[in-house]
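Trainee: One structure, as C-alpha cells, below. Some questions next.
There are 2 protein chains.
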Amino acid sequence: MKGNGVERVAARLRHRGRRMTVQRRAVLEALAALGCARDAETIHARARAAYPKLGLVTVYRTLEAFVADGVAHPVFFGDGRVRYDLSEDGGHHHHLVCLSCGRIARVDECHLPPSRRLGRPQGFTVTAHRLELFGYCPRCAPKA
Amino acid sequence: MKGNGVERVAARLRHRGRRMTVQRRAVLEALAALGCARDAETIHARARAAYPKLGLVTVYRTLEAFVADGVAHPVFFGDGRVRYDLSEDGGHHHHLVCLSCGRIARVDECHLPPSRRLGRPQGFTVTAHRLELFGYCPRCAPKA
DNA sequence: TGCTTGTTGAAAACGATTTTCATTGTCGGA
DNA sequence: TCCGACAATGAAAATCGTTTTCAACAAGCA
Numbered sequence: 231m232k233g234n235g236v237e238r239v240a241a242r243l244r245h246r247g248r249r250m251t252v253q254r255r256a257v258l259e260a261l262a263a264l265g266c267a268r269d270a271e272t273i274h275a276r277a278r279a280a281y282p283k284l285g286l287v288t289v290y291r292t293l294e295a296f297v298a299d300g301v302a303h304p305v306f307f308g309d310g311r312v313r314y315d316l317s318e319d320g321g322h323h324h325h326l327v328c329l330s331c332g333r334i335a336r337v338d339e340c341h342l343p344p345s346r347r348l349g350r351p352q353g354f355t356v357t358a359h360r361l362e363l364f365g366y367c368p369r370c371a372p373k374a
Numbered sequence: 231m232k233g234n235g236v237e238r239v240a241a242r243l244r245h246r247g248r249r250m251t252v253q254r255r256a257v258l259e260a261l262a263a264l265g266c267a268r269d270a271e272t273i274h275a276r277a278r279a280a281y282p283k284l285g286l287v288t289v290y291r292t293l294e295a296f297v298a299d300g301v302a303h304p305v306f307f308g309d310g311r312v313r314y315d316l317s318e319d320g321g322h323h324h325h326l327v328c329l330s331c332g333r334i335a336r337v338d339e340c341h342l343p344p345s346r347r348l349g350r351p352q353g354f355t356v357t358a359h360r361l362e363l364f365g366y367c368p369r370c371a372p373k374a
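In C-alpha cells:
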C-alpha cells in the first residue's frame, strides 16, 4: 500500500466483496496512529476514541479482514498475543523489542540473503520470513 | 548442551534445586526422539509411550522448567501454539515451515549479521533473535 | 530411614481469540 | 432515490492452548 488512505483501503476491500464501515475506518485510523505492532486490545481502545460503540469482537474481525486483504500484517513476539502492522508498499519490516520495557522499534532494512538462497539446502522455496530482534533499548540498556 | 544425555540434563536441573523424575525423563526422551519444533500435545502423546500416566499439565510444567534451565527453547510459528526444541551447544537454529503440509526443517546456518550491528541504528543492544522461514517443501513445491 | 520440598495429576481457572445469532447498514442495481 | 441482498455488527457464549489450585506423592540430602 502506498499511503494508507481510507479510500485506498476501501477500494481494496470492495474489490473482494467487503464493505467499508465506520468501524473499519476507526480501526484503520487507530492502526495508523498507533504505529507498529499493536495488539487488538490496544487498537480497540484507540479506535473507540473515534467510535465509542466499537466492540472488541469487531476489531478482531476487522483485523482478520485487513490481513486477508493485505492491508495489515500479523506480528508475533511469542507472548501469546497477536500484534498488527499496517502494510506498506516497498516491503516488510522487522522489529526490535526491548525485553525490559517492552518498547518496540521498527527495523526497515532486512539483512537477510535473498529468499531463494535461504531454503536451497533443504530444497524449500521460501516465500516469506519473520524476524524479530530482542534486546534492550537505549533507555534500558545496561550502561557498559 | 553437548549431547542431551539424561544425566547431563539431570545435573543441570539439580543445579537449580530441581529434581529429575520419571515424567521429566519421558518428556526429555520424547523431545529428543521427535526432532525439532513440536508442540506440547505432540510431546505429550509421544512421552506417554514411555510413561502412560503422564499428564498434559506435567508436560507443560516440565517444558517450562526445561526452558528456564536452558535445556529447551520455545519456538513460535504464529499459529497460537508454542513449540519446543531441545537446546544444543554451538548455538541456535532456525526453521523452514512448509505452508502446504506443515513440514518443518532445521536451518543450522544463521545468515544474519552479528547482533551488535542489528540494533545499532536504533541504539538497541540485541541479545537474541528469532527467524522463521515460510514457503514450500520439495514435495509441495509448485513445480516451476 | 526420615524429612523437607519440589513434583504430580485432576479439575478448575484463565486469557486471547472465535463463533453464534439476531439485528443493522452498505452499496450495487432498478 | 429507493430497494434488497448479504456483509458486518454487538453481546454472549464457546474454543483452545496454557496456567493455577490443591491435596497426595516422591526425589534426594541428612
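Just so you know, the protein sequences line up as chains A and B, in that order. When the count follows the working numbering, it moves up by one through the first sequence with no breaks and lands on 374 for the last residue. When the count follows the working numbering, it moves up by one through the second sequence with no breaks and lands on 374 for the last residue. Glycine included, each C-beta is placed from N, C-alpha and C at the ideal position. Please read all numbers here as calculations on a predicted model, not as lab measurements.
(1) Could you list which residues in chain A have their beta carbon closer than 7 angstroms to that of TYR290 (chain B), in chain order?
(2) Rounding to the nearest angstrom, what Cα-Cα distance links ALA280 (chain A) and GLU259 (chain A) in this structure?
(3) If the cut-off is 8 angstroms on Cβ atoms, which residues from the stretch 360 to 371 of chain A count as contacting chain B, listed in chain order?
(4) Could you pull out every residue in the same chain whose Cβ sits closer than 7 angstroms to the Cβ of LEU195 (chain A), ignoring the five residues on either side in sequence?
(5) Taking 8 angstroms as the CB-CB cut-off, is LEU326 (chain B) touching chain A?
(6) For LEU286 (chain A) and chain B, any beta-carbon pair shorter than 8 angstroms?
(7) When the distance is taken between beta carbons, is PRO343 (chain B) closer than 8 angstroms to HIS341 (chain A)?
(8) Please name the residue, chosen from B:ALA371, B:VAL257, B:GLY349, that lies closest to GLU294 (chain B) on a Cα-to-Cα basis.
(9) Counting contacts by CB-CB distance shorter than 8 angstroms, is PRO344 (chain A) in contact with chain B?
(10) In whole angstroms, what is the alpha-carbon distance linking LEU363 (chain A) and VAL337 (chain A)?
(11) By alpha-carbon positions, which one of B:ALA371, B:ARG255, B:ARG291, B:PRO351 ends up nearest to GLY235 (chain B)?
(12) Taking Cβ to Cβ, would you say VAL327 (chain B) is nearer than 8 angstroms to SER345 (chain B)?
(13) Going along chain B in order, which residues have a C-beta closer than 9 angstroms to the C-beta of GLN352 (chain A)?
(14) Could you give the C-beta distance for ALA277 (chain A) and VAL289 (chain A), rounded to a whole number, given that I count them as a contact under 8 angstroms?
(15) When the cut-off is 8 angstroms and only beta carbons count, does GLY300 (chain A) lie next to chain B?
(16) Flag HIS322 (chain A) as yes if its beta-carbon sits less than 8 angstroms from any beta-carbon of chain B, otherwise no.
(17) Compare the Cα-Cα distances from HIS322 (chain B) to each of B:ASP309, B:CYS370, B:VAL305 and report the closest residue.
(18) What does PRO282 (chain A) touch in chain B if you count any residue whose Cβ is under 7 angstroms from its own?
(19) Could you spell out where the beta strand (DSSP E) holding THR357 (chain B) opens and where it closes?
(20) Does DSSP put PHE306 (chain A) in a helix, in a strand, or in coil?
(21) Determine which residues share a DSSP beta bridge with TYR314 (chain A) and list them.
(22) Should SER330 (chain B) and CYS370 (chain B) be called a contact, given that it needs their Cβ atoms to be closer than 8 angstroms?
(23) Which value, in whole angstroms, describes the spacing of the CA atoms of VAL312 (chain A) and ASP319 (chain A)?
(24) Can you find a CB in chain A that lies within less than 8 angstroms of the CB of ALA270 (chain B)?
(25) Hey, how far is the Cα of GLY353 (chain B) from the Cα of GLU339 (chain A)?
(26) Name the DSSP beta bridge partners of LEU326 (chain B), please?
(27) Output the distance between the C-alpha atoms of VAL335 (chain B) and ASP309 (chain B), rounded to the nearest integer angstrom.
(28) Decide if HIS245 (chain A) is buried, meaning its Cβ has at least 16 other Cβ atoms within 10 Å, or exposed.
Mentor: So, from the data block:
(1) By 1-based counting over the second sequence, the position of residue 290 (chain B) is 60. Ordered by position in chain A, no residue passes the 7 angstroms Cβ test against TYR290 (chain B), which lies about 13 angstroms from the chain.
(2) Taking the first residue of the first sequence as 1, we reach residue 280 (chain A) at position 50. Taking the first residue of the first sequence as 1, we reach residue 259 (chain A) at position 29. One C-alpha to the other measures close to 9 angstroms.
(3) ARG360, LEU361, GLU362, LEU363, PHE364, GLY365, TYR366, CYS367, PRO368, ALA371
(4) This structure leaves residue 195 (chain A) out entirely; chain A is present only between 231 and 374.
(5) Sequence index remark: in the second sequence, residue 326 (chain B) carries index 96 (1-based). Yes, LEU326 (chain B) lies at the interface with chain A (some Cβ there is under 8 angstroms from its Cβ).
(6) The sequence position of residue 286 (chain A) within the first sequence is 56, counting from 1. LEU286 (chain A) does not count as touching chain B.
(7) Reading the first sequence from its first residue, position 111 is the one you call residue 341 (chain A). Reading the second sequence from its first residue, position 113 is the one you call residue 343 (chain B). Against a cut-off of 8 angstroms, the Cβ pair of PRO343 (chain B) and HIS341 (chain A) comes out as a contact.
(8) On the second sequence, residue 294 (chain B) is found 64 positions in, with the first residue counted as 1. Among B:ALA371, B:VAL257, B:GLY349, the Cα nearest to that of GLU294 (chain B) belongs to B:VAL257.
(9) If you number the first sequence from 1, residue 344 (chain A) lands on position 114. Not closer than 8 angstroms to any Cβ of chain B, the Cβ of PRO344 (chain A) fails to qualify, so no.
(10) Against the first sequence, residue 363 (chain A) aligns to sequence position 133. Against the first sequence, residue 337 (chain A) aligns to sequence position 107. Distance between the alpha carbons of LEU363 (chain A) and VAL337 (chain A): 9 angstroms.
(11) Indexing the second sequence from 1 puts residue 235 (chain B) at position 5. Minimum Cα distance to GLY235 (chain B) is reached at B:ARG255.
(12) Position 97 of the second sequence, counting from 1, holds the residue named residue 327 (chain B). Position 115 of the second sequence, counting from 1, holds the residue named residue 345 (chain B). No, they are not a contact pair.
(13) Mapped onto the first sequence, residue 352 (chain A) falls at position 122. Ordered by position in chain B, the residues that pass the 9 angstroms Cβ test against GLN352 (chain A) are LEU326, ALA335, ARG336, VAL337, CYS367, PRO368.
(14) Taking the first sequence and counting its residues from 1, one reaches residue 277 (chain A) at position 47. Taking the first sequence and counting its residues from 1, one reaches residue 289 (chain A) at position 59. Between VAL289 (chain A) and ALA277 (chain A) the Cβ distance is about 7 angstroms, and since that is below 8 angstroms, they are a contact.
(15) Along the first sequence, read from residue 1 onward, the residue named residue 300 (chain A) stands at position 70. Not an interface residue.
(16) As a position in the first sequence, residue 322 (chain A) is number 92, starting the count at 1. It does not; no Cβ of chain B falls within 8 angstroms.
(17) Residue numbering aside, residue 322 (chain B) sits at position 92 when the second sequence is read from its first letter. The residue with the shortest Cα to Cα distance from HIS322 (chain B) is B:VAL305.
(18) Looking up residue 282 (chain A) in the first sequence gives position 52. Per Cβ cutoff of 7 angstroms: no residues; PRO282 (chain A) is ~30 angstroms from chain B at best.
(19) What you label residue 357 (chain B) is simply residue 127 of the second sequence in a count that begins at 1. It spans 355 to 366 - the beta strand (DSSP E) in which THR357 (chain B) sits, taken as one unbroken run.
(20) The sequence position of residue 306 (chain A) within the first sequence is 76, counting from 1. PHE306 (chain A) falls in the strand class under three-state DSSP.
(21) Taking the first sequence and counting its residues from 1, one reaches residue 314 (chain A) at position 84. Partner(s): A:ARG268, A:PRO304.
(22) Within the second sequence, residue 330 (chain B) is the residue found at index 100, counting from 1. Within the second sequence, residue 370 (chain B) is the residue found at index 140, counting from 1. Their beta carbons are under 8 angstroms apart, which means SER330 (chain B) touches CYS370 (chain B) by this criterion.
(23) Within the first sequence, residue 312 (chain A) is the residue found at index 82, counting from 1. Within the first sequence, residue 319 (chain A) is the residue found at index 89, counting from 1. When rounded, the distance between both Cα atoms is 22 angstroms.
(24) Reading the second sequence from its first residue, position 40 is the one you call residue 270 (chain B). Judged by the 8 angstroms Cβ criterion, ALA270 (chain B) is not in contact with chain A.
(25) Residue mapping note: residue 353 (chain B) aligns to position 123 of the second sequence, counting from 1. Residue mapping note: residue 339 (chain A) aligns to position 109 of the first sequence, counting from 1. If you take the alpha carbons of GLY353 (chain B) and GLU339 (chain A), they lie about 15 angstroms apart.
(26) One-based indexing of the second sequence puts residue 326 (chain B) at position 96. According to DSSP, which records beta bridges pairwise, LEU326 (chain B) is partnered with B:ALA335, B:LEU363.
(27) In the second sequence, the residue the question calls residue 335 (chain B) occupies position 105. In the second sequence, the residue the question calls residue 309 (chain B) occupies position 79. In the sequence as displayed, the identity of residue 335 (chain B) is Ala instead of Val. The alpha-carbon atoms of ALA335 (chain B) and ASP309 (chain B) are separated by roughly 17 angstroms.
(28) As a first step, residue 245 (chain A) must be located in the first sequence, where it is residue number 15. Classification for HIS245 (chain A): exposed.
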